[in-house]
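For reference, the structure discussed in these notes is given below.
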Amino acid sequence: MTESFELVDTEDVDSPGDEWEEIDVADTEADRIARRRDREFSEFRKRIKDADQFKVEASVFDDATFAALYKLVQDGYIDAFGGPISTGKEANVYSALGGETAADVLDVDDNPEVAVKVYRINASDFRDMRGYLDGDPRFEGIGHDKKQIVQAWVRKEFANLTRARKAGVRVPEPMAVERNVLVMELLGLDTGRAKRLSEVHVENPETAYEVIREYMRRLYDAGLVHGDLSEYNVILHGEELVVIDLGQAVTVHHPNSREFLERDCHNVAAFFRRQGMDVTDEDLLAFVTDDTSD
Ligand SMILES: Nc1ncnc2c1ncn2[C@@H]1O[C@H](COP(=O)(O)OP(=O)(O)O)[C@@H](O)[C@H]1O
Ligand SMILES: [Mg+2]
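In the working numbering, the protein residues as written are 6 to 299.
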């Protein structure tokens, strides 16, 4: 198959400034639900815990995580849980059938499928997370409490996705965030799990490279650096390339943003070199940072 890899259109982008919204990590509704433990919540928790697709992971979910899922069901983002898609170092991703609110957000008639990314509070590597949060103007004042750090992280991922979309970068549409859980558009048009760029045979790497470097530039122009970009965090969605996993993305103000950008450029250029292309890390970095686009 020869893919066309069309770029998505851009909207007006604000210049990268200091207009970042502050991130609130006060006690969430999910925490309150977990504390209250009324009958309806207890039944929900039991049902989910007993469901086949959660068997393995149920032990690592705390009550407040179940409460976050419960709240997302009540708010119409999730109707029914599907199966696990991925179990990562810090988060599990599940497919689910979205509810009415999810359909509204995506502006579709039928309930859409959604991806639910659940960060495991206990499994998360907090020292790693702190390194990305410290120096980000949005996270001044976040303490060392595990729960607050993870919560800040998930909100950051949501804010980064929103920002990237506005800047004309194709990312999953973020729908809701509740405590340590993020709901977003489910990628993958065929049955089965969406394929990463690392898993497909790329017929026309030149076009794919042009799209990815343009997304890197748009992201940079919008004041963000992905920070973990490689063929593992780009998904093939029909004819589109979609950038995922923006939790660690930092603003250009971050003291390590340049280092992260250089690493991203290296990973991306190295992938396309393996596809037989003659691209250098330096050329890519120059393309991304050189503001000659307008
Ligand atoms: N919106 C989505 N739609 C479909 N699959 C997804 C989505 N987000 C993540 N995934 C799947 O889950 C995997 C892990 O997600 P990712 O956000 O990269 O988390 P991690 O931090 O564990 O790498 C991805 O490689 C992809 O296979
Ligand atoms: Mg990933």
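For each residue, glycine too, the CB sits at the ideal point set by N, CA and C.
The beta carbon of Val-205 sits closer than 7 Å to the beta carbons of Leu-241 from its chain, once the five residues preceding and following it are set aside; these are given in chain order. Counting only residues whose CB is nearer than 7 Å to a non-hydrogen atom of ligand 1, the list in chain order is Ile-90, Ser-91, Gly-93, Lys-94, Glu-95, Ala-96, Val-98, Ala-120, Lys-122, Pro-177, Met-189, Glu-190, Leu-191, Leu-192, Gly-193, Arg-198, Ala-199, Arg-201, Tyr-237, Asn-238, Ile-240, Ile-249, Asp-250, Gly-252.
Runs of the beta strand (DSSP E) lying entirely within the stretch 138-177, each at least 3 residues long, are absent. Shown here for Gln-253: same chain residues with a beta carbon closer than 7 Å to its own, the five before and five after excluded, namely Tyr-137, Gly-232, Asp-233 in chain order. Here Val-188 is buried: its Cβ has 16 or more other Cβ atoms, across all protein chains shown, within 10 Å. In the structure shown, His-206 adopts coil according to DSSP, grouped into three states. Burial is judged here by how many other beta carbons sit within 10 angstroms of a residue's own beta carbon; Thr-285 has fewer than 16 and is exposed. Judged by their CB atoms, Ile-217 and Leu-191 are not nearer to each other than the 8 Å cut-off.
Three or more Cβ pairs drawn from the stretch 67-74 and the stretch 30-47 lie within less than 8 Å of each other, which places the two stretches in contact.
DSSP places Arg-135 in the helix class (H, G or I) of the three-state scheme. Per the coordinates, the alpha-carbon of Leu-289 lies some 10 Å from the alpha-carbon of Tyr-214.
Cβ contact annotation for Gln-156 (same chain, cutoff 8 Å, sequence separation greater than five): Val-30, Thr-33, Arg-184, Asn-185, in chain order. For Met-221, the number of other beta carbons within 10 angstroms of its own is at least 16, and it is reported as buried. Around the beta-carbon of Asn-116, 16 or more other beta-carbon atoms lie within 10 Å, marking it buried. Going by DSSP, Asp-43 is part of no alpha helix (DSSP H) at all; its letter is neither H nor E.
For the 8 Å CB-CB criterion, Gly-103 and Val-119 form a contact. Excluding residues up to 5 positions away in sequence, Asp-286, Leu-290 lie with their Cβ nearer than 8 Å to the Cβ of Glu-267 in the same chain. Membership of Leu-187 in the beta strand (DSSP E) is indicated by the continuous run 186-190.
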